[in-house]
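Chemist: Whatever position you read off the sequence shown (first residue = 1), add 1355 for the working numbering.
Ideal Cβ positions, reconstructed from N, Cα and C, are used throughout, including at glycine.
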Amino acid sequence: MAAFTMDATWLPFHPAPSKPAFVLPPGAVDAHCHVFGPGDEFPYAPERKYTPCDAGKNQLWALRDRLGFSRNVIVQATCHGADNRAVVDALRASGGRAKGIATVRRSVTDADLAELNTAGVKGVRFNFVKRLVDTTPPDELLEIAHRIAPLGWHVVIYFEAADLPELYEFITRLPTTVVVDHMGRPDVSKPVAGPEFGLFVQLMRDNPHIWSKVTCPERLSHLGPPDYTDVVPFSRHLVETFPDRVLWGTDWPHPNLKTHMPDDGALVDFIPKIAPTAALQQKLLVANPQRLYWPEEVA
């Protein structure tokens, strides 16, 4: 198979991330990361909007160990479309230390879903970011959500803050737990108490089945690295207001970043700024992802 050439503007992941000063609690989960290919083994989708660098499972395991995580949740990348083979391969190779989020279409069969479930998939992702995907009609997504609900799966949803008003009712109609990526991508130059982020807080307050990933300061910050201080109030507000419904992850290998490539060790050192107590850190990094992805262990 011919090799894939990554986009000329693509920023590859950090080649040597630092060892974080913050020591993660035992059992910590990187609850949002990806695998890309390798393209010669798991080809990128013809309909993709970008061609990344290869970032396979062995590189992800090496990062996991360096940072001090115990487990991963691997989210299907849009560059692979609805071909989940790279994620499934990683899950099967993880020795039970990874769970997955798939992308499926209306045409997915019950046998396909059963196979994904056996491999360790725990949910599906709905992406509304138009620069990354061609949006799927809401009626198809609702049909998928109703089909995966009996498996105990949840929906991961990715959108930008400006799109929340039109998506609000749809999100509340989903018949499963819903996990929102990256706090709904707020504009952190606006006030935490302002109407835009306030709508997202209202969404979580009024709907106890909705969770949020307090991830990706490197995507949201206007001030930039190394501290991403303008993101801290938003993330910390969610962690302190909804301590039992928040997750954290690296977002490795950081697809489609244009300004800089973060040091993953520095991202781990961001965690105590948004979860300042050991109790909040335990929930964010261990108890919450365990309840969602390894529920058999909670009892």
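Proline 1572: buried (16+ other C-beta within 10 angstroms of its C-beta) or exposed?
Modeler: buried
Chemist: Between proline 1493 and phenylalanine 1525, what straight-line distance do the alpha-carbon atoms span, to the nearest angstrom?
Modeler: 8 Å
Chemist: Just grab the DSSP bridge partners of aspartate 1385 for me.
Modeler: In the DSSP secondary-structure assignment, aspartate 1385 is bridged to Asn1427.
Chemist: Ordered along the chain, which non-local residues of its own chain (more than five positions away) have a Cβ less than 7 Å from that of alanine 1437?
Modeler: Thr1458, Val1459 and Arg1460
Chemist: Within the chosen definition, does the region 1558 to 1569 reach the region 1580 to 1595 through at least 3 CB pairs nearer than 8 Å?
Modeler: yes
Chemist: Output the residue ranges of the alpha helix (DSSP H) runs that lie fully inside the region 1412 to 1486 and measure 4 residues or longer, sorted by chain position.
Modeler: The DSSP assignment places 1412 to 1422, 1440 to 1448 and 1465 to 1474 as complete runs of the alpha helix (DSSP H) inside the region 1412 to 1486, in order along the chain (cut-off: 4 residues).
Chemist: Can you list, in chain order, the residues of its chain with a C-beta nearer than 7 Å to that of valine 1586? Leave out the 5 residues immediately preceding and following it.
Modeler: Val1543, Pro1572, Leu1575 and Ser1576
Chemist: Does the beta-carbon distance from tryptophan 1508 to glycine 1478 come in below 8 Å?
Modeler: yes
Chemist: Which first and last residues belong to the alpha helix (DSSP H) in which tyrosine 1523 is found?
Modeler: 1519 to 1528
Chemist: Between the Cα of threonine 1535 and the Cα atoms of Lys1545, Leu1635, Pro1546 and Phe1555, which residue gives the shortest distance?
Modeler: Sequence inspection shows valine at residue 1535; the threonine mentioned does not correspond to that position. When each option's Cα is compared against that of valine 1535, the closest is Phe1555.
Chemist: Within its chain, find whatever has a CB closer than 6 Å to the CB of arginine 1646; leave out the 5 residues flanking it on each side and keep chain order.
Modeler: So the qualifying residues of the chain are Val1653.
Chemist: Can you tell me which of the three DSSP states tyrosine 1648 falls into?
Modeler: Tyrosine 1648: helix per DSSP, three-state reduction.
Chemist: Residues in the same chain with beta-carbon distance under 7 Å from leucine 1522, minus the five sequence neighbours each way, listed in chain order, please.
Modeler: Only Phe1483 and Phe1514 meet the Cβ criterion.
Chemist: Go ahead and label asparagine 1427 buried or exposed: buried means 16 or more other beta carbons lie within 10 angstroms of its beta carbon, across all protein chains shown.
Modeler: A residue is called buried once 16 or more other Cβ atoms fall within 10 Å of its Cβ, and asparagine 1427 is buried on that count.
Chemist: Considering only the alpha carbon of each residue, which of Phe1481, Pro1563 and Val1623 lies closest to aspartate 1606?
Modeler: Out of Phe1481, Pro1563 and Val1623, Val1623 has the C-alpha closest to the C-alpha of aspartate 1606.
Chemist: Kindly indicate which three-state DSSP category leucine 1578 falls into: helix, strand or coil?
Modeler: coil
Chemist: Go to lysine 1628, then tell me how far its alpha helix (DSSP H) extends in each direction, as first and last residue.
Modeler: Taken as a continuous stretch (DSSP letters only), the alpha helix (DSSP H) holding lysine 1628 covers 1626 to 1629.
Chemist: Helix, strand or coil for histidine 1537? Go by DSSP, reduced to three states.
Modeler: Helix, per DSSP.
Chemist: Sorted by chain position, which residues of the same chain lie with C-beta nearer than 6 Å to alanine 1621's C-beta, five sequence neighbours on each side aside?
Modeler: Pro1581
Chemist: Taking just the CA atoms, how far does phenylalanine 1359 sit from serine 1373?
Modeler: Answer to the nearest angstrom: the Cα atoms are 29 Å apart.
Chemist: Taking 8 Å as the limit between beta carbons, can you name the residues of its chain near histidine 1501, skipping five residues before and five after?
Modeler: Here the set comprises Pro1530.
Chemist: Count the other CB atoms, across all protein chains shown, that sit within 10 Å of the CB of phenylalanine 1378; report buried if there are 16 or more and exposed otherwise.
Modeler: According to the sequence displayed, residue 1378 carries valine and not phenylalanine. Exposed, since its Cβ has fewer than 16 Cβ neighbours within 10 Å.
Chemist: Please name the residue, chosen from Leu1497, Glu1495 and Lys1485, that lies closest to alanine 1517 on a Cα-to-Cα basis.
Modeler: Here the closest residue by C-alpha is Lys1485.
Chemist: So, using beta-carbon positions, are alanine 1445 and valine 1390 closer together than 8 Å?
Modeler: yes
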